[in-house]
Structures are given as C-alpha cells and as structure tokens.
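Worksheet: the structure to be examined is printed underneath.
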Amino acid sequence: MAGKKEQLKALEEDIRRHRRLYYNEQPELSDAEFDELLDKLKELDPGSQVLAEVGAPLDLDQAGLPTKEHRIPMGSLDKVTEEKLELWVEKAGPLFLIQEKLDGISLELEYQEGRLVDAITRGNGFTGEVVSHNAVHFSNISTELPSPFTGSVRGEVILRLSTFEEHFKEKDFANPRNTVSGTVRKKHGDRSLNKYFELFFYDVLSVDRKFESEKEKMGYLSDELGLAVAESYFDQTMEGLLDIYDLYEGDGEANGKRFELDYEIDGLVVRSDSIALQEELGSRQNRPRYAMAYKFPSSGNATKLLAVDWSLGLGSRLTPVARLEPVQIAGVTVSNATLHNIDAIAELDLRIGDMVFVERRGDVIPKVVRVLEPGGGKNPVPPKACPSCKTLLAMDGKYLVCPSDECPGKTYGDILKWINSLEIDSLGEKWVSTLIEAGLLEDPADLYVLSSESLVPLERMGDTLAAKIIQNIEETRNPPLERFIAALNITGFSRQRARMLIDEGIVTLDQLLALTSGEIAAVKGFADISADGVVKGLRKRGGLIAKLKRLGVEPRKGEPAEEIDGVLNEKTFCFTGAIKRINPRTEKRFTRKQLQDLVKANGGRSLKDVTSKLDHLVLANPDSKSAKARKARDLDVNILSEEEFFALLDA
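Numbering-wise (the numbering used here), the sequence shown opens with residue 111 and increments by one.
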C-alpha cells in the first residue's frame, strides 16, 4: 500500500511540476505526453485534488505582478476522444457551438460602464495575474466599448505565425505561444512587443444581462461590443461536428483548413448552446461538463532533409534518424525525425536535400511521412560498423543490428527495455546512461543490486528520488511471466508472443527454457524462423536469467486464458457510438466495457481500432460518418447495427 501511495504522490508532483513549466514557457513535455500523465492519475485516483487544479500556482516572486480573483472560476476543458464525444453529444444537445481551440494564453478583461478596468490571466483558475499594463497595447484591444457594458469577457491572446517569423524568430523566442506568455506576463520589459498580439473572444459574463444561448452570446460580443470572436459554427448532430472536424483536419495529408491558418490551433471546442442546460450539467473538478476540447491527432510541416544519422536503440537495432532544418510543428521545434528502418528509406526513395513532410504522431514522435520535392542529392548510405563498438553490422529482417553481446550500446538498450517492459517509474534514459557511466549497471540484473546509498552520491540525485527508484525496482521482483519475457529484449519474442505460449500451457520459466524450436513452431503464431530465434535468444540470455534468479528475481506462474466455445469464436469486434440496448443486470445502457465482456464471454475478441484484421464494426448509428465508420467502409470491414450484433449473440 505504501508503494502505491508513494507512486501516486510522485505522479502528482510530476504533474504539478510540468504545469509550472508549461505556464512559465519552459515545457519539457508535449501536450499529448502531459495528457498521458493526467490519464494515469485519473486511473490511479479519480478523486485526486490535482485533477481539479487549473493552470499552475502563481509564482509571485518570479513575476512580481499583482493578482486578482476571478468572479467566476476560469476552468480548463476536458479533452475527449471521438467515442467520448459521441456519448457527451447525447447529453449536451440538441444544438452545439463549435469553435477553433486557439493555442495562446487565456485572458479575462473586466469592464465597468464600457471602460476597461483590468486584464487578468487564467492563473490557477481562481486567481490570475493582472497584466493590464501590457494588454492595453494589444493590436485589437478595446479600452472603451461602444456600449456601457459592465462585466467581463474572456478570450485567447495569440501571435500570428507570419508575425512571429518576421519579428520574433531572430530574437530566440521558441514559438508563438511561449512568446505571448513570456511577454504578456512580464512586469517590466519592451512593451512595444505587445502591439503584435491579438485577442479573440469566446465568452461574456454580464452583471445585468442574462443570456439564453451561446449563439446570443457570440452575437452580443461581435455586434454590440465590437469584439473579435473566435471562428464559430453551430450544428445539431455528431455527423455535423465530424464534418467541421474534417474541414479543419482534411484527409490526413496536411490539406485541411487548419494548415492554411496564420495562427496555431490544436483542436476544436464544442459547447452546449443552451445556457439552461449548461447550468444543469454543471462542472466537475473545476472543469465544465457542458464543454469539451476535441483535439487533432497530429500535426505536420514541410522541411528539408539535411542528413541521416544512425541511432543504436533497443535490441541492438540501428534506427535511421532524419536530421532536418528546424521546423515548428504543433508549437515545438523539430530538428530530428524517425525513419524506422532501411526498407522505409527505400520506399520513400529518400535523398539528401529532399523537401519532406514531417508529422508528430499524436503530437509526440516526429516522423518523415513522404517526399514533397526531390532535392537531387544522394541516397543515405547505411553504416557498415556499429557506431558504439565498431563490430561489423548484420541484417535482421528490415533492421541493421549489432551482433556483439559486448556492445555498450546493447547494454543500454537491454537495460532500458527491461525498465520499460516492467514499467519501473523514475528511471528514464538519462538516468540509465548516468548509472552505466558510473559503473553501477552492466545488465538489467544489476538494477536489483542498487541501493539508496549507491544512488545518492550521483549528481541531481537526492534521498527522496533514490528511495523512490529503489522502491519501484523492488516492486518488480516477481513480474508476470509474459512481462519478464518481453523485458529480456529478445528480437521477435514480444509480450503477445509469450502470451501465446502461456495459453498453450507453458506457464513457468523452466518449462519455457526446456522447449525446442520444433515445439514452439507448432504453436499457432510462430513460424520456424521465429521459433528458432526464440530458442537462440533464450540461450543467449541464459547467464542473465541465472543471475536474476540468484538475486531473487523470478516471474510468477502464467495463467492460460480460459478456452471458450461460443457463437463469436475467433471473430473480432470493435464498437463505436453509444449503444441504446438496456443491460438487464444494471437496468442501464450497455457500456463499452460490458459489450467487450460479452464478446469475450462468447469466444470473440475486441479490438480498439479499425484495421484490416477486424471482422465486424458495431455502429450505434448505422449512418454514422465517424472516423471509424469511414475507415471500416474503406477497408471493406463488415458493419453491424446494434440489433444485428445482439442477433448474433441470440443465435
């Protein structure tokens, strides 16, 4: 229990730290990576106070700005997937306001009888910094309104991309958003820079006027107050929302409207139009239930390929990495991108000097997608020797690999694979490198020899972090068999492959080590070549496995999946939309998890996404134009209505 509490506390500290970094223009994580931390916390402790916090604690010593409370809290929005949005739409209809989710900083302007009183940042959602001294210089600020309005308006301060390129890029500003945040929140400095910033509004809070709808609010902001409103649309259906989403996103080839804009947006904000319904839906953990953020999956940009480097990674593989002219993608400067393997380079017919399109998958990992314009240079030449140990390289399928067991790069890869597979928190790539350089790690087994006393002397390592690392390592002494196997870093022997053997009754490590390649090849999912690779890989890891056993590290007995002979045997299913059928046990509509359990109970399998391996996509709305529905039609996957799905079960 203490371990879980420690893990939870560390995660909460991590989230608060990254919030501070983000709001002080020093982000270390992308939005998607930060969202992953939040999702993990929601899973561990849905009631955590950290989830209710907005923005970051105000650093008064750093900024030196006066503060002011928001009359009504200025909360953040929950980010949703398409499936969750479909469920939300059913509760928040019948009409919706859809607006561009501008990537700037949020600001509240307070007016008294039409005159600007204060400009306040979001801050922590309850209290913000007063930045009126800078806001009065914005290009489209209204210090006096055309009507005697008393109340506040809320909007986003942005910097156009063309303006950033012309006036700020040479001054070492990282990106438009950080430029706005850093400049607006300065007490002193060059206030003339504020003239390049613009405000687009999305909300109005009046002291003496009650609004009935978002449509009325937007009209009031633009027509009566003369303020610029964020690009807005109104629609009544999920299909309409998806059409607007597709307008901005395009067909995945960077040809949507958002790629034509002169400012950055990272999604759409969808809000219930009815104010009465908003009040009924209320808020949870300082986040409104009547509005959601529907973010774009990834962003991309064009740039020039300067060179191809080769990086030694997990499994002794050398991964080609594109060195690029630095380019802004989703607010982050990208200068390197993965090329995966030699085959991928050949398929792209990549040459040095080419103009290429780079995207960040899920806004996290940069990847070269295609060549836009040939540059006339030479094809990248792969190295012949390992950059770490100089051993001649070999081919393993699509990959260049270093065959040497003594390679320092392999040591790093093996240890990192072990840490990732067993999910040992607080030990990232930099710490692994530090521990290897300090002579504390030569293989994964050495992790279980570490102590707080051996870690504390390391630079940037304190007592608390050292204790946390040791605690996290100790909790992995008896992992599930399939995780243990995956952690051994044997090429072609993944957690899923290990699971196949467990389901065939191979449930202990000793049973696994006794298998011949012929016995493994007889199991569905293994070919002769992969079976031989498993046996050779286990033999190579024999010394490591023995050392782990001596240190008390041994996997738990595997549990084979129960065989079910049902009406859905060997069929795969994916669900999208809100199924209306009532579950007789709960007297409520079937949840997604309950539907997946039904499939499993009847011998089938559930997939999270639509692929060519999917047999059936079950649509709550057979006429749906959702991304999953479109993909299923493109792949000629069979589509079922909920009635047809339940008819299969009844059969």
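Beta carbons: idealized from backbone N, C-alpha and C, even for Gly.
Unbroken alpha helix (DSSP H) run spanning residue i, endpoints
| i | result |
| --- | --- |
| H277 | L271 to H277 |
| K657 | G652 to R660 |
| F755 | E752 to D760 |
| Q395 | Premise fails: Q395 is in no alpha helix (DSSP H) and is neither H nor E. |
| Y355 | M348 to E359 |
| K201 | E192 to A202 |
Collapsed DSSP secondary structure at residue i in the structure displayed
| i | result |
| --- | --- |
| F259 | coil |
| D473 | Low confidence applies to D473: its pLDDT is 43, below 50, so where it sits in the model is not reliable enough to give any reading. |
| E146 | helix |
| Q172 | With a pLDDT of 45 at Q172, under the threshold of 50, the modelled position of that residue is not reliable, and no figure is offered here. |
| L460 | coil |
| G238 | strand |
| I546 | helix |
| E554 | Inspection of the sequence shows that residue 554 is occupied by Pro rather than by Glu. Three-state DSSP puts P554 in a helix. |
| R607 | helix |
| M571 | coil |
| V511 | strand |
| V521 | Note that residue 521 is Thr in the sequence shown here, rather than Val. T521 falls in the helix class under three-state DSSP. |
| R715 | strand |
| R301 | helix |
| N451 | coil |
| A338 | coil |
| R587 | coil |
| Y400 | coil |
| D675 | coil |
| L648 | helix |
| K667 | coil |
| E390 | helix |
| E153 | helix |
Outcome for residue i when other beta-carbon atoms lying within 10 angstroms are tallied against a minimum of 16
| i | result |
| --- | --- |
| T273 | buried |
| M184 | buried |
| K494 | exposed |
| Q172 | Any answer about Q172 is weak, because its pLDDT of 45 lies below 50 and its placement is not dependable; what the coordinates show is given next. Q172 is exposed by the Cβ-count criterion. |
| I616 | buried |
| I612 | buried |
| P665 | buried |
| T696 | exposed |
| L170 | Note on L170: pLDDT 44, under 50, position unreliable in the model; the coordinate value appears next. Burial call: exposed. |
| N244 | buried |
| M505 | exposed |
| A641 | buried |
| T686 | buried |
| A596 | buried |
| I268 | buried |
| D473 | Because D473 sits at a pLDDT of 43, beneath the cut-off of 50, its placement in the model cannot be relied upon, and the point is left open. |
| E163 | buried |
| A711 | exposed |
| P430 | buried |
| T574 | exposed |
| A608 | buried |
8 Å contact criterion, which residue i and residue j should meet: CB distance rounded
| i | j | result |
| --- | --- | --- |
| F307 | F248 | 5 Å |
| P204 | Q346 | 5 Å |
| L147 | L131 | In fact, because the Cβ distance is near 12 Å, the residues do not count as touching under 8 Å. |
| E220 | D213 | Not confirmed; about 24 Å, so no contact. |
| L415 | V479 | The pair is not a contact, with the Cβ atoms about 12 Å apart (cut-off 8 Å). |
| Y509 | N446 | The Cβ separation is near 19 Å, so there is no contact. |
Counterpart residues of residue i in DSSP-defined beta bridges
| i | result |
| --- | --- |
| Q581 | DSSP, once it has assigned bridges, lists no residue as partnering Q581. |
| S627 | DSSP lists no partner for S627. |
| N693 | K698 |
| W420 | P430 |
| E220 | D228 and S262 |
| N411 | V468 |
| F636 | Answer is none; F636 lacks a bridge partner. |
| V323 | According to the sequence displayed, residue 323 carries Ser and not Val. For S323, which the question treats as bridged, DSSP gives the partners S384. |
| E254 | R225 |
| L727 | C684 and I749 |
| E210 | L378 |
| Q438 | T443 |
Start-to-end residues for the beta strand (DSSP E) that takes in residue i
| i | result |
| --- | --- |
| M505 | A504 to D506 |
| S342 | S342 to D345 |
| F311 | E308 to S316 |
| E179 | T177 to E179 |
| T289 | Careful: T289 lies outside any beta strand (DSSP E), inside the alpha helix (DSSP H) at P286 to V294. |
| R381 | I375 to S382 |
| A597 | A597 -> not in any beta strand (DSSP E); alpha helix (DSSP H) instead, spanning L591 to A597. |
C-beta neighbour in chain D for residue i, strict 9 Å
| i | result |
| --- | --- |
| L623 | Any reference to chain D falls outside this structure, which holds one protein chain only. |
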